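S.K.: The numbers in this note's numbering rise by one with no breaks, and the one at position 53 of the sequence shown is 434.
Sharing a structure below in structure tokens format, with a few things to ask.
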Amino acid sequence: MPAKKGEKPAAKPTAEGESKDAKSAKKTPKLKVLPNGFKTTVRRSVIARSLAMKALKAQHKMTHGLHTNSRRKVMTKTRFRRPKTFIPTRNPKDRRFEIPKRNKLDAFRIIRKPLTTEAAMKKIESNDTLVFLVDPRSNKTDIKAAVQKLYSIKVARVNTLNCPRNVKKAYVKLPHDVDAMEVANRIGII
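In structure tokens, the structure reads:
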């Protein structure tokens with residue numbers, strides 16, 4: 382008969398001569414008591430072996446260290462190259478190496494000559510701009526410093542133009558309060 386709602390189903394009939402206690406006794410083997418007080422079904426020899434392995438591993442770590450898994454780098458080339466870090470003190474045999482190098486781009490080397498073409502004259506009259514031929518290796522800051530040193534004039538800004546045949550032109554813009562015609566007369570352009 383099926384069980385009603387809220388009731389437990391009826392227990393199955395057991396074989397003759399068997400009781401519930403006998404079934405449970407068959408399934409669970411007898412427990413062995415170890416010297417440390419734990420109960421176990423494992424053999425003592427297995428436990429002793431595992432304890433010995435743990436002790437060996439601990440001893441190995443103490444003697445060899447923890448990080449022993451790092452592999453050695455295999456050398457695949459015939460040369461062993463390292464960067465050279467040794468810097469010996471200077472001991473020149475020839476005197477020319479002892480002499481300090483002078484600045485090859487001084488003010489007289491930077492500014493080669495002023496341009497006096499019609500286009501350059503027009504720039505002087507209308508834009509307050511002087512035009513110079515300069516060394517191709519010089520930059521705008523070098524040109525500005527050279528003009529200020531040689532001609533003792535203030536410079537607003539410098540524009541440069543790289544021309545063919547290794548020629549570089551510098552357009553030196555003067556401030557508004559400075560007249561470019563007067564400066565050109567003083568320099569000797571006009």
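In this text, a Cβ means the ideal position worked out from N, Cα and C, and glycines have one as well.
Note that the structure is predicted; figures quoted are calculated from it, not measured.
Report the three-state DSSP secondary structure of L531 (helix, strand or coil).
M.R.: Shown here, L531 sits in a helix according to DSSP, grouped into three states.
S.K.: Going by beta carbon distance, what residues of the same chain come within less than 7 Å of R476, once the five residues before and after it are set aside?
M.R.: none
S.K.: Count the other CB atoms within 10 Å of the CB of A527; is the residue buried (16 or more) or exposed (fewer)?
M.R.: Buried, because 16 or more other Cβ atoms sit within 10 Å of the Cβ of A527.
S.K.: Taking only runs of the alpha helix (DSSP H) that begin and end inside the region 425 to 473, which ones reach a length of at least 4 residues, in chain order?
M.R.: 425 to 445
S.K.: Can you give me the start and stop residues for the beta strand (DSSP E) that I480 sits inside?
M.R.: Segment: none, I480 is in no beta strand (DSSP E) and carries neither H nor E.
S.K.: Which whole-angstrom value is the C-beta distance of L555 and D509, which I expect to be below 8 Å?
M.R.: 5 Å
S.K.: So what does DSSP say about R546, is it helix, strand or coil?
M.R.: coil
S.K.: Please state the DSSP three-state secondary structure of R567.
M.R.: helix
S.K.: Helix, strand or coil, according to DSSP, for T510 in the structure here?
M.R.: The answer is strand: DSSP assigns T510 an E or B state.
S.K.: Taking the beta carbon of L511 as the centre, do at least 16 other beta carbons fall within 10 Å, making it buried, or is it exposed?
M.R.: buried
S.K.: Return the CA-CA distance between A561 and E506, expressed in angstroms with no decimal places.
M.R.: 7 Å
S.K.: Excluding the 5 residues flanking T470 on each side, which residues of the same chain have their C-beta closer than 6 Å to its C-beta?
M.R.: none
S.K.: For K550, which option in H448, R567, I492 has the closest C-alpha, if you only look at C-alpha atoms?
M.R.: I492
S.K.: So for R538, helix, strand or coil by DSSP?
M.R.: strand
S.K.: Let me confirm a value: V427 is counted as buried when at least 16 other C-beta atoms fall within 10 Å, else exposed. Which label applies?
M.R.: exposed
S.K.: In three-state DSSP terms, what is R518?
M.R.: coil
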